[in-house]
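Those letters in the sequence shown? Residues 0 to 201, per numbering that gives the first Met the number 0, in order. To keep things clear, I will list the structure first and then write my remarks on it.
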Amino acid sequence: MARVPSRSRRARAGLAGAIALALSAGAFAQQSGNQVYRYEDAQGRVVYSDRPPPSDARKAQAKRIGANFIETDVVPLATQQAAERYPVTLYTFACGDICQSAEGLLNRRGVPYSTVNVEEPANAARLQALTGEMTAPVLQVGDKLVAKGYNEARWTAMLDDAGYPKAPPPRRTVPGARPPEPPRAETLTAAPPPKGGEYPAQ
């Protein structure tokens, strides 16, 4: 669990964090395909974007598109029912491995969730009112279930109790699609030595 930094510390760390995030995102995209986000905006419209959803987005999901597969857009009925009864909200910020692990757990299970960036003053006030503290990440499942700090076993149990499936639906393979072939290595053949050639006598 990490403490939310003050505004002055956030200002000093903002540029360095943005550069590090851009570099890590670029390296990840090269290794594992392009990641897109699906969410509902404040007007209820479904949005697809390569940028993380805003703090007021609902039902946010991260999807990965590779060379020979796409992640399905079909949400299982059990997930829909759980999301209606116990919507999930993740209070987080750029706190490094802890917050990334928290998001990774939700994404691996295919859980729709709303992200609240607690570095924004209004969202920090929401976090303070909910938990009485200024530490994150925090998982809220429904109106009453709140887990302060990332604990995989506890978060998993909360999601299980809420009825969320333990795994997302399988990926749908694109018919006829093939991963890009690596470039072929070119073999260089040395030219044969000249026949009967001798250095002239000095």
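We treat Cβ as the ideally placed atom computed from N, Cα and C, and that holds for glycine. Predicted model, so just to flag it, every value in this text is computed and none were measured.
- Runs of beta strand (DSSP E) with 3 or more residues, each lying fully within the region 80-104, are found at 87-91, listed in chain order.
- Just so you know, the alpha carbons of Ala56 and Asp160 end up roughly 24 angstroms apart.
- Of Arg50, Gln80, Cys94, Leu129, the smallest CA-CA separation from Glu118 is found for Cys94.
- Annotation: the continuous alpha helix (DSSP H) that includes Gln127 extends over 120-130.
- Segment contact: the region 40-52 against the region 132-140, fewer than three CB-CB distances shorter than 8 angstroms; contact not assigned.
- The alpha-carbon separation between Tyr163 and Gln99 amounts to approximately 20 angstroms.
- By the beta-carbon neighbour count (other beta carbons within 10 angstroms, threshold 16), Ala124 is exposed.
- Here Ser54 has Thr114, Val115, Asn116, Glu119, Asn122 as same chain residues with Cβ atoms under 7 angstroms from its own Cβ, once five neighbours each way along the sequence are excluded.
- By the 16-neighbour rule on beta-carbons within 10 angstroms, Ala101 is buried.
- Between the C-alpha atoms of Gln139 and Ala146 there is a straight-line separation of about 7 angstroms.
- In the DSSP assignment, Ala146 falls within the beta strand (DSSP E) that extends over 144-147.
- In the DSSP assignment, Gln42 falls outside any beta strand (DSSP E), carrying neither H nor E.
- Where Ser113 is concerned, the enclosing beta strand (DSSP E) starts and stops at 112-116.
- Less than 7 angstroms separates the beta-carbon of Lys58 from that of Glu39.
- Ala161: member of the alpha helix (DSSP H) spanning 151-161, first to last residue.
- The DSSP-derived three-state label of Ala77 is helix.
- Secondary structure at Arg50: coil, using DSSP grouped into helix, strand and coil.
- Arg108 has no beta-bridge partner at all, per DSSP.
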